[in-house]
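The structure appears below as structure tokens.
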Amino acid sequence: MESEEKTAEVAFDAIPRFQENPPEGAIVKVCSGTAWYWMGMSTDHPSLQDIRVRKAIQHAVDVDSIIEGAWAGVPTASCLRD
């Protein structure tokens, strides 16, 4: 989508392609946004009331693979995730 400032917003999965092979005359800049995504667990379920179970799930989730697969590796993981 082009704006008056001659900028364009592209889907996350297109960013690596534009970085590797930018259109002629284009300058490709990737800027982080302020969106936050998280995976939460409800402690209402009896199995998830045990903090050890929740920590085991937290350590089993491959956050970097999710970032790569869902957002083409563009965002960064929180430094507070551990």
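If you want the numbering used here, it's the 1-based position in the sequence shown plus 68.
Yeah, the Cβ is synthetic: ideal placement off N, Cα and C, and Gly gets one too.
Simplified DSSP assignment, three categories, for residue i
| i | result |
| --- | --- |
| residue 137 | helix |
| residue 87 | helix |
| residue 146 | coil |
| residue 81 | helix |
| residue 110 | coil |
| residue 98 | coil |
Integer-rounded CB distance, given that residue j should sit under 8 Å from residue i
| i | j | result |
| --- | --- | --- |
| residue 81 | residue 145 | Contact flag wrong, Cβ pair sits at about 18 Å. |
| residue 109 | residue 116 | 5 Å |
| residue 95 | residue 142 | Contact flag wrong, Cβ pair sits at about 17 Å. |
N-terminal and C-terminal residue of the alpha helix (DSSP H) that residue i is part of
| i | result |
| --- | --- |
| residue 127 | 119 to 128 |
Residue environment, residue i, which counts as buried when at least 16 other CB atoms sit within 10 Å
| i | result |
| --- | --- |
| residue 91 | exposed |
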